[in-house]
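In what follows, a single structure is set out as structure tokens and then discussed.
Numbering (full-length UniProt numbering), first residue to last: 1 to 44.
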């Protein structure tokens, strides 16, 4: 995702460890509005 945003001119960085590392560092999180959530299909 960061790469795609950079191609569109945004200044982005990849967080080593992802969201887990972000949470562990105590950084702020934002809630996702319920209407923005999309249920993805599951495969058995």
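Just so you know, even glycine gets a beta-carbon here, dropped at the ideal spot from N, CA and C.
In the three-state DSSP reduction, residue 24 falls in the helix class (H, G or I). In terms of Cβ geometry, residue 2 and residue 16 do not form a close pair [threshold 7 angstroms]. Following the DSSP letters along the chain, one finds residue 7 inside the alpha helix (DSSP H) bounded by residues 2-7.
Cβ-Cβ separation between residue 5 and residue 12: approximately 5 angstroms, consistent with a contact (criterion under 8 angstroms).
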